[in-house]
Amino acid sequence: MNPQVLVAGAGPTGLTLAIDLARRGIAVRIVDKAGEFFAGSRGDGLQPRTLEVFEDLGVLDAVLAQGAPQAPLLVHLDGRFMMERRMSTWLEPTSDVPYPNPWVLAQADTERLLRERLAEFGVRVETATAVVDFSADADGVTVTLERAGATETVRADYLVGADGGRSVVRKALGIPFEGTTDESIRMLLGDVRADTLDHRVGYWFADSSSPMDGIALMPLPGGRKFQFATGLNTDSGTELEVLQDHVTRRSRRDDIVLSELTWSTVWRPNVRLAQRYRDGRVFLAGDAAHVHPPTGGQGLNTGVQDAYNLGWKLEAALRDPGPTSEALLDSYETERRTVAARVLGLSSALLDRTVKGDPNAMDREGTHQLDISYRDTDDDSTGLRPGDRAPDAPLVDANGTTVRLFDLFRGPHATLLLFGPDTTADPAESPATDRRTVRVVEPEFASGNGEFVDIEGHARRSYHAADRTWAVIRPDGYVGFLGTLTER
Ligand SMILES: Cc1cc2nc3c(=O)[nH]c(=O)nc-3n(C[C@H](O)[C@H](O)[C@H](O)COP(=O)(O)OP(=O)(O)OC[C@H]3O[C@@H](n4cnc5c(N)ncnc54)[C@H](O)[C@@H]3O)c2cc1C
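Heads up: take any position in the sequence shown, counting from 1, add 3, and you land on my numbering.
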């Protein structure tokens, strides 16, 4: 089948994009060169903004059911318990931020849940199928796929390289991947059981002479496994005995017996950013476009956000080709490359602080991705502006049922929010082919004609909205346009 969009790579980025396209009715194929699905915990921290995206895509309930909040860390020095630490302060939900805390789920589980959601749209990942070559022209992309030694030629309107840090798509386009690999820093990571330990908490074992140079064992939800992590000064094996040796030495205990090592790797920090995200009908997303240190837990999350930014723009271009949708496609690079550059700086700074032994480097405030904005770079004014995340807020519908703005935004459409009793006018061009209108009125003006009644002014406060204010919320949940209705 010739798809409208061919997605190369079925990691979290490619899967998110495939779901977003499939739910829009776009014909999508997603291929992965790996014969088996990745089994490790890797990116196990889902940030609050990712949870909001997952809610829109219909995977949040499963993610919440199968994941867990970040566990507290029990710090042990010279074998003695010293204190309990939290990776970040626990925040209570508010009316505009329903999921304020990071959520832990092994990357393999996140990917499984995304695959299950994708299958509900009738799309399955084609495994053991690699993109090996392609050529793009003005009308589409001709892609060569290789499966079990046989090749297939596919014609698609667009190709998206979500094929990871070693992206074949990026290399074929000759797009420089600028940055560094620091060979002096290494980390040994693995998923392993340690049944003597309490699985409800995480552990840090180190010597008091160098308290930041230790090993972490963080519980992974949905079983008895912990994610093991430690810094290395030399080359190291990745076998169970190697991890066991680290644990026994640092904990000064011989009763912690590791077993069932299902994934382990030695990781080197790579900090790189693709010079371009778009080349005509070919796009880069996720690790194919940017790689960062895991400090701050941003990599997977940034890839998910890339995909969510690109999906609706591809749909607009497929349904309504022309200069407007071309500009929209160009905005993918402008918006997302700027964010990646900032994330690279943040995660590198956190890595630097960790390496230098700063105990607060583990505090993950500022990494929730809720403050990401696509404002014009020179616009730093306060108050909601075009490009900002559209906040949630509680409303009441005509039947008296409480509805959240996020319920109204959910789905592939854009949303026009009109505030005030006299809101029959329709002010704005929509950035998407499908738009819904939500009229937000105060209780005394409610006529029961499908208006949504503001609860205690929450929506108004969040949107800085006086009567006759309007806002177009893009399908990816950012403010597209804002304005005031004028008399006609
Ligand atoms: C040790 C470690 C810890 C991490 N911790 C975190 C964390 O806490 N939080 C976080 O957000 N991120 C974390 N990350 C980063 C996170 O794992 C990555 O950012 C994430 O996997 C990127 O997703 P992706 O879909 O862009 O790429 P990938 O997950 O790399 O997926 C790319 C896919 O493309 C496939 N592929 C490759 N070439 C081809 C081809 N030619 N044709 C078809 N398919 C191809 C691959 O098989 C792969 O399945 C961590 C990473 C590591 C290594």
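Cβ coordinates follow ideal geometry from the N, Cα and C atoms, glycine included.
Item: Helix, strand or coil for Val-482? Go by DSSP, reduced to three states.; Value: strand
Item: If we ignore side chains and look at the alpha-carbon of each, how far apart do Val-406 and Phe-286 end up?; Value: 36 Å
Item: I'd like to confirm the pairing. Which residues does DSSP put opposite Trp-207 in its beta bridges?; Value: Val-78, Ala-219
Item: Looking at the secondary structure, which residues open and close the alpha helix (DSSP H) in which Gln-247 lies?; Value: 243-254
Item: Would you tell me roughly how many angstroms separate the C-alpha atoms of Arg-253 and Gln-247, rounded to the nearest one?; Value: 10 Å
Item: Is Val-274 closer than 7 Å to Gly-182 when the C-beta atoms are compared?; Value: yes
Item: Would you kindly check if the distance between the Cβ of Ala-25 and the Cβ of Ala-165 is under 7 Å?; Value: no
Item: What are the uninterrupted segments assigned as beta strand (DSSP E) that are 3 or more residues long and contained completely in the segment 160-194, given in chain order?; Value: 161-164, 180-184
Item: Going by the DSSP bridge assignment, what does Lys-228 pair with across the sheet?; Value: Arg-196
Item: Count the other CB atoms within 10 Å of the CB of Glu-114; is the residue buried (16 or more) or exposed (fewer)?; Value: buried
Item: Within the chosen definition, does the segment 21-37 reach the segment 98-108 through at least 3 CB pairs nearer than 8 Å?; Value: no
Item: Which first and last residues belong to the alpha helix (DSSP H) in which Pro-51 is found?; Value: 51-60
Item: What first and last residue would you give for the alpha helix (DSSP H) that runs through Asn-312?; Value: 302-322
Item: Can you give the Cα-Cα distance for Ala-68 and Asp-140, rounded to whole angstroms?; Value: 45 Å
Item: Under three-state DSSP, which class holds Glu-114?; Value: helix
Item: Going by the C-beta, is Val-245 closer than 6 Å to any heavy atom of ligand 1?; Value: no
Item: How about Tyr-311 and Asp-479: do their beta carbons lie closer than 7 Å?; Value: yes
Item: Suppose only complete runs of 3+ residues qualify. What are the beta strand (DSSP E) ranges in the segment 4-54, listed by chain order?; Value: 8-11, 31-34
Item: Should Ala-37 be counted as a contact of ligand 1 given a C-beta to heavy atom distance under 6 Å?; Value: yes
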